[in-house]
Amino acid sequence: MPTVVTKFLHTRMRVNDLDRTVDFYTKVFGLEVSRRHESPRGSKLVFLSVPNSEEEIEITYFPGSGNVEVQEDLMHLAFEVNSMDEFAEHLDLVGYSFSDGPTKSSSGSVFAFVDAPEGYEVEVIEKP
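Each residue of the sequence shown is one higher than the last, beginning at 914 in this note's numbering.
Structure below.
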């Protein structure tokens, strides 16, 4: 079978409050805004670059689609951290807290979750 897809580019999440969500990802995870624009249909888009990765996260605000209500355990993003303890200190400094964990897995990894403004879960993982 020939290669149909050549690269993973981005994940899109629609939100109710674009600025609050962008602030969350930049403050909590150190992501950087790579570009902003408005689509032809009026969606406001912000692309966030992820350290050490070519993939981006696209945050979209489009009120014409209605209110965003994220159901529990729908999906999550996951980021690796060097130290869960250091990340927990940083999280506290920027005014957030874990929604679950930290928990040590049988493989020796430590993982925890932080809830983004609309309720999307973000997992952080410290590998052994």
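Glycine included, C-beta positions come from ideal geometry on N, C-alpha and C. Given the structure is predicted, the values throughout are model-derived calculations rather than measurements.
Restricting attention to beta strand (DSSP E) runs no shorter than 3 residues, the region 940-1014 encloses them at 945-951, 957-962, 969-974 and 989-993, ordered along the chain.
In the DSSP assignment, residue 1017 is bridged to 1023. For residue 1036 against residue 996, the beta-carbon gap comes to about 16 Å, at or over 8 Å, which does not count as contact.
A straight line joining the alpha-carbon of residue 958 with that of residue 936 spans about 14 Å.
With respect to the 8 Å criterion, residue 947 and residue 969 are classified as neighbours on the basis of their beta carbons.
With 16 or more other CB atoms across the displayed protein chains lying within 10 angstroms of its CB, residue 944 is buried. One Cα belongs to residue 990, the other to residue 925, and the distance between them is close to 11 Å. Judged by DSSP in its simplified three-state form, residue 917 adopts coil rather than helix or strand.
By the Cβ neighbour-count rule, residue 934 is buried, with 16 or more other Cβ atoms within 10 Å of its own.
Distances from the CA of residue 962 to each of 992, 982 and 1023 were compared; the closest alpha carbon is that of 992.
Only residues of its own chain outside the window of five on either side were considered, and among them 1041 have a CB closer than 7 Å to the CB of residue 1021, listed in chain order.
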